[in-house]
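If you count the sequence shown from 1, position 119 lands on 573 in the numbering used here, and the numbers rise without skipping.
All C-beta atoms, glycine included, are put in the ideal place defined by N, C-alpha and C.
Here the structure is a predicted model, which is why all the values come from computation and not from measurement.
As structure tokens, the structure follows; a few thoughts come after it.
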Amino acid sequence: MRILVQRVKKANVVVDGQIISETGNGLLLLVGVDKEDTKSDIEYLAAKIQNLRIFNDDQGKLNLNIRQVKGQILSVSQFTLLADTKKGNRPGFDRSAQPEFAKDYWSRINMQLRETGIDVKEGVFGKHMEITLVNDGPVTIWLDSKNR
């Protein structure tokens, strides 16, 4: 599982011209599910996300996590994070999970984060989405459960 984590001041998801989800201060997660992912990948990344110290403390140092700043999460499924670009110019998506599996695992990681008390909003699985964000910092972190 690959997740691109972006610290944001705000973010929203628009589908068919309508705002579906929006969040204030917190994280935007772009989530790609690998066809070989297991439940341990979900557990690892959920723990990493909730404890990732990428928010500023009183001294301006990256020292606080999402719960400590009472931030929100906007989670968006994005199979293109598993793109293979080694050959040619057209990306391959052989590593991306099939839709039912990907939706299940994406939902599970969101649920696991909610169970820790974090307010998690979601995009719409499988839909074309327009995502607007104000990246804070910018702080952008790449997480890959296969690279522990």
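Nonlocal neighbours in the same chain, by C-beta distance under 7 Å from N466, ignoring five residues either side: Hits under 7 Å: I473, S475, E476 and T586.
From S531 to L483, what does the alpha carbon distance come to, in whole angstroms? 8 Å
Does the separation of the CB atoms of V574 and S529 fall below 9 Å? yes
Look at the alpha carbon of L536 and the alpha carbon of Q513, and state the distance between them as a whole number of angstroms. 37 Å
Three-state class that DSSP yields for Q566 in the structure shown: helix
I'd like the span of the alpha helix (DSSP H) that includes E497, first residue to last. K493 to N505
Between G486 and R461, how many whole angstroms is the CB-CB distance? I'm expecting something under 8 Å. Going by Cβ atoms, the distance from G486 to R461 rounds to 19 Å, so no, they are not a contact pair.
Taking the alpha carbon of S599 as the reference point, which residue from D470, K464 and T492 has its own alpha carbon closest? T492
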